[in-house]
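Structure record follows, encoded as C-alpha cells.
There are 2 protein chains.
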Amino acid sequence: MIGWSERDKEIGHMMSDAAVDVTGLSIGILGGTGDQGKGLALRFALAGHTVLIGSRSAARAQEAAEALGPGLPVRGAGNATVAAEADVVIVAVPWDGHRALLESLRAELDGKIVVDCVNPLGFDKQGAYALDVEEGSAAQQAAAVLTGSRVVAAFHHVSAVLLLDPGVREIDLDVLVLGDDREATDTVQELASRIPGARGVYGGRLRNAGQVEAFTANLISINRRYKAHAGLRVTDV
Amino acid sequence: MIGWSERDKEIGHMMSDAAVDVTGLSIGILGGTGDQGKGLALRFALAGHTVLIGSRSAARAQEAAEALGPGLPVRGAGNATVAAEADVVIVAVPWDGHRALLESLRAELDGKIVVDCVNPLGFDKQGAYALDVEEGSAAQQAAAVLTGSRVVAAFHHVSAVLLLDPGVREIDLDVLVLGDDREATDTVQELASRIPGARGVYGGRLRNAGQVEAFTANLISINRRYKAHAGLRVTDV
Numbered sequence: 002m003i004g005w006s007e008r009d010k011e012i013g014h015m016m017s018d019a020a021v022d023v024t025g026l027s028i029g030i031l032g033g034t035g036d037q038g039k040g041l042a043l044r045f046a047l048a049g050h051t052v053l054i055g056s057r058s059a060a061r062a063q064e065a066a067e068a069l070g071p072g073l074p075v076r077g078a079g080n081a082t083v084a085a086e087a088d089v090v091i092v093a094v095p096w097d098g099h100r101a102l103l104e105s106l107r108a109e110l111d112g113k114i115v116v117d118c119v120n121p122l123g124f125d126k127q128g129a130y131a132l133d134v135e136e137g138s139a140a141q142q143a144a145a146v147l148t149g150s151r152v153v154a155a156f157h158h159v160s161a162v163l164l165l166d167p168g169v170r171e172i173d174l175d176v177l178v179l180g181d182d183r184e185a186t187d188t189v190q191e192l193a194s195r196i197p198g199a200r201g202v203y204g205g206r207l208r209n210a211g212q213v214e215a216f217t218a219n220l221i222s223i224n225r226r227y228k229a230h231a232g233l234r235v236t237d238v
Numbered sequence: 002m003i004g005w006s007e008r009d010k011e012i013g014h015m016m017s018d019a020a021v022d023v024t025g026l027s028i029g030i031l032g033g034t035g036d037q038g039k040g041l042a043l044r045f046a047l048a049g050h051t052v053l054i055g056s057r058s059a060a061r062a063q064e065a066a067e068a069l070g071p072g073l074p075v076r077g078a079g080n081a082t083v084a085a086e087a088d089v090v091i092v093a094v095p096w097d098g099h100r101a102l103l104e105s106l107r108a109e110l111d112g113k114i115v116v117d118c119v120n121p122l123g124f125d126k127q128g129a130y131a132l133d134v135e136e137g138s139a140a141q142q143a144a145a146v147l148t149g150s151r152v153v154a155a156f157h158h159v160s161a162v163l164l165l166d167p168g169v170r171e172i173d174l175d176v177l178v179l180g181d182d183r184e185a186t187d188t189v190q191e192l193a194s195r196i197p198g199a200r201g202v203y204g205g206r207l208r209n210a211g212q213v214e215a216f217t218a219n220l221i222s223i224n225r226r227y228k229a230h231a232g233l234r235v236t237d238v
C-alpha cells in the first residue's frame, strides 16, 4: 500500500530498535483545512497513508481534500467523523478553538493517539510571541481534556509552505515528539519519519511541550531575519 | 568602545551584514567556576580572547583559571572586578542567585553587553522541567535589573561536558542569540562563532528567550534517551 517492498520493511526493522510499523495507519487531521493541516495531509497521503481531513464543514473538508490533487488517498469529513474513524488523530486547529473542539470530541478520541501540533502564539508589530497557557501548553490542555486519549505533541515547527510545495522533495528538519506514553511517542516518531527528509526525535515529556510550542515564535523571527523556512535538527542523535 | 577601527567596520560590513570584529574583546564570566562557565572560558581562551573568570571568591576563581591549563590568557577575580574590567560579560551563575548578583553589579555592568546563559530549571525523578519566571525568563529578569546594560541571551544549550573535553575539537551546534539591540546580538553571534564548530544564529527578541532557556530541559531528556550530548542546528539558515 505504501510502496515499500517486504524486503525494505525488513531492512527498516533491522535498522532501528524503536521502529514501530505504522504502515496501514489512517491519519485524521482536525482543522485540516488550514495550511498546516493540508500540508501534513499531503505528505502523509504521498507516503501512502489514508488521510481524513476534518473541518466543522464536511463540504469544506472535502474541497480541501480534492484541492490536494487527484489520485491521493485523502477525503474530507466533519471533525467528529474524522475523530471517530481515523487511527491516529492530529489536532491542527487554531489555538482559539482548541479547548472547545477537544471537549466536543472526548468520546470519539477515547483510547486513540492524539497528536497536538498547536502553537499558542500572539502577534504584534514586533512579530510573534508565546501566549501564557493555563495548563502549561496546548498539549497539556489536550491531555487535561482528553483524559482517555494518548496525547502526544509533535509537528510544531514544520513549515506549511514547504509541506505544500510540490517542488520540495525533502523537508530538512527533525520533528520533536513529546509525550508520556512510550508506545505512542514511538509511533508518532515513525510517522514523522514518513515525511521525506524529516526524522522523528523524542523530545521529552508532555510537561516540557510548552517551550517547543513557544519556540515557533523564534522560528518566525529567524525566518524574518534570514528570509528562510527554518527548522531544527538535533545533533549527536 | 569595542575596539573597532573605522576600516575594520568597513571590512566587516563588506564581508557580511552581520559580521562584527570581536577579536580583542575580553570576556568576563560571572559564576565562571561552574562547569558551563569554565567550559566557555576554555573555548574563548583557546580562540585567543582574554578571559576573566569571576566568582564570589577571587581565590577560587584564580584556581579555576589555573585548572584550565598553562599558557592560556585566563585569570580569576571577584565577580565585581570581572564585571568592571571585561568588555563583554557572560552571566553563568545558578538561577538561585541570579537576581541578587545582578542587582549587586548594576554599576559595573552599565553600558556593557551582558550575555545571560542561565536556564531556570527544576529537577525531580522524571528529569528536568522549566521553572516559572516572573519576568518571563532569566534574560528578561537580567534586562529588568540591568536597565543600563545591553542584555543578550545566548549559550543556553551548549554542553559543558563537550566544552571542557580537550578531545572535542568541534562543537556541533548553533548558538541561538536573542536580544533587542542589533549591534549587541551581532557581536554575540560573532563571539559564538569563535567556538570551533559552533555558529551564532539570531534567535529572536528577548521576550522570546524563555522558551530557549526552558528547552534545555528537553535537551536533558534527549540526552538521557539517546545517551547523547545533543545540541540544535537551525536548518535553511
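Chains as they are written, first to last, in our numbering: chain W, 2 to 238; chain S, 2 to 238. Glycine included, each C-beta is placed from N, C-alpha and C at the ideal position. For clarity, every value in this text was computed on a predicted model and none was experimentally measured.
Can you tell me the Cα-Cα spacing of residue i and residue j, whole angstroms?
{"i": "residue 215 of chain W", "j": "residue 171 of chain W", "result": "25 angstroms"}
{"i": "residue 87 of chain S", "j": "residue 52 of chain S", "result": "8 angstroms"}
{"i": "residue 147 of chain S", "j": "residue 23 of chain W", "result": "52 angstroms"}
{"i": "residue 118 of chain W", "j": "residue 204 of chain W", "result": "14 angstroms"}
{"i": "residue 218 of chain W", "j": "residue 92 of chain S", "result": "25 angstroms"}
{"i": "residue 234 of chain W", "j": "residue 177 of chain W", "result": "9 angstroms"}
{"i": "residue 199 of chain S", "j": "residue 193 of chain S", "result": "7 angstroms"}
{"i": "residue 70 of chain S", "j": "residue 97 of chain S", "result": "29 angstroms"}
{"i": "residue 212 of chain W", "j": "residue 138 of chain W", "result": "8 angstroms"}
{"i": "residue 196 of chain S", "j": "residue 63 of chain W", "result": "52 angstroms"}
{"i": "residue 173 of chain W", "j": "residue 190 of chain S", "result": "23 angstroms"}
{"i": "residue 114 of chain W", "j": "residue 140 of chain W", "result": "12 angstroms"}
{"i": "residue 29 of chain W", "j": "residue 82 of chain W", "result": "9 angstroms"}
{"i": "residue 105 of chain W", "j": "residue 31 of chain W", "result": "12 angstroms"}
{"i": "residue 21 of chain S", "j": "residue 236 of chain S", "result": "23 angstroms"}
{"i": "residue 179 of chain S", "j": "residue 101 of chain W", "result": "35 angstroms"}
{"i": "residue 77 of chain S", "j": "residue 49 of chain S", "result": "16 angstroms"}
{"i": "residue 95 of chain W", "j": "residue 120 of chain W", "result": "8 angstroms"}
{"i": "residue 25 of chain W", "j": "residue 188 of chain W", "result": "12 angstroms"}
{"i": "residue 58 of chain W", "j": "residue 130 of chain S", "result": "39 angstroms"}
{"i": "residue 72 of chain S", "j": "residue 156 of chain S", "result": "25 angstroms"}
{"i": "residue 225 of chain W", "j": "residue 208 of chain S", "result": "16 angstroms"}
{"i": "residue 60 of chain S", "j": "residue 210 of chain S", "result": "33 angstroms"}
{"i": "residue 27 of chain W", "j": "residue 45 of chain S", "result": "52 angstroms"}
{"i": "residue 238 of chain S", "j": "residue 227 of chain W", "result": "6 angstroms"}
{"i": "residue 201 of chain W", "j": "residue 160 of chain W", "result": "15 angstroms"}
{"i": "residue 169 of chain S", "j": "residue 153 of chain W", "result": "35 angstroms"}
With 8 angstroms set as the bound, which would you pick, yes or no: does the beta-carbon of residue i sit closer than that to a beta-carbon of chain S?
{"i": "residue 176 of chain W", "result": "no"}
{"i": "residue 230 of chain W", "result": "yes"}
{"i": "residue 124 of chain W", "result": "no"}
{"i": "residue 226 of chain W", "result": "yes"}
{"i": "residue 141 of chain W", "result": "no"}
{"i": "residue 233 of chain W", "result": "yes"}
{"i": "residue 187 of chain W", "result": "no"}
{"i": "residue 48 of chain W", "result": "no"}
{"i": "residue 216 of chain W", "result": "yes"}
{"i": "residue 127 of chain W", "result": "yes"}
{"i": "residue 222 of chain W", "result": "yes"}
{"i": "residue 131 of chain W", "result": "yes"}
{"i": "residue 173 of chain W", "result": "yes"}
With C-beta atoms as the reference, is residue i less than 8 angstroms away from residue j?
{"i": "residue 99 of chain W", "j": "residue 142 of chain W", "result": "yes"}
{"i": "residue 229 of chain S", "j": "residue 221 of chain S", "result": "no"}
{"i": "residue 149 of chain W", "j": "residue 111 of chain W", "result": "yes"}
{"i": "residue 151 of chain W", "j": "residue 185 of chain W", "result": "yes"}
{"i": "residue 43 of chain S", "j": "residue 164 of chain S", "result": "yes"}
{"i": "residue 206 of chain W", "j": "residue 181 of chain W", "result": "yes"}
{"i": "residue 33 of chain S", "j": "residue 68 of chain S", "result": "no"}
Roughly how far, in whole angstroms, is the beta-carbon of residue i from the beta-carbon of residue j, given that I think they are within contact range, below 8 angstroms?
{"i": "residue 232 of chain W", "j": "residue 158 of chain W", "result": "6 angstroms"}
{"i": "residue 116 of chain S", "j": "residue 89 of chain S", "result": "7 angstroms"}
{"i": "residue 55 of chain W", "j": "residue 84 of chain W", "result": "7 angstroms"}
Output yes if chain B places a C-beta closer than 8 angstroms to the C-beta of residue i; else output no.
{"i": "residue 58 of chain W", "result": "Absent from the structure is chain B; the protein chains it does hold are W and S."}
Step through the CB atoms of chain W and report whether any lies within less than 8 angstroms of the CB of residue i.
{"i": "residue 202 of chain S", "result": "yes"}
{"i": "residue 27 of chain S", "result": "no"}
{"i": "residue 134 of chain S", "result": "no"}
{"i": "residue 206 of chain S", "result": "yes"}
{"i": "residue 213 of chain S", "result": "yes"}
{"i": "residue 209 of chain S", "result": "yes"}
{"i": "residue 68 of chain S", "result": "no"}
{"i": "residue 236 of chain S", "result": "yes"}
{"i": "residue 120 of chain S", "result": "no"}
{"i": "residue 219 of chain S", "result": "yes"}
Identify every residue that forms a DSSP beta bridge with residue i.
{"i": "residue 56 of chain W", "result": "W/79"}
{"i": "residue 202 of chain W", "result": "W/177"}
{"i": "residue 234 of chain W", "result": "S/234"}
{"i": "residue 151 of chain S", "result": "S/114"}
{"i": "residue 123 of chain W", "result": "W/130"}
Using a Cβ-based criterion (distance less than 7 angstroms to any ligand heavy atom), does residue i qualify as near the ligand GTP?
{"i": "residue 170 of chain S", "result": "This structure lacks the ligand GTP, and indeed carries no ligand of any kind."}
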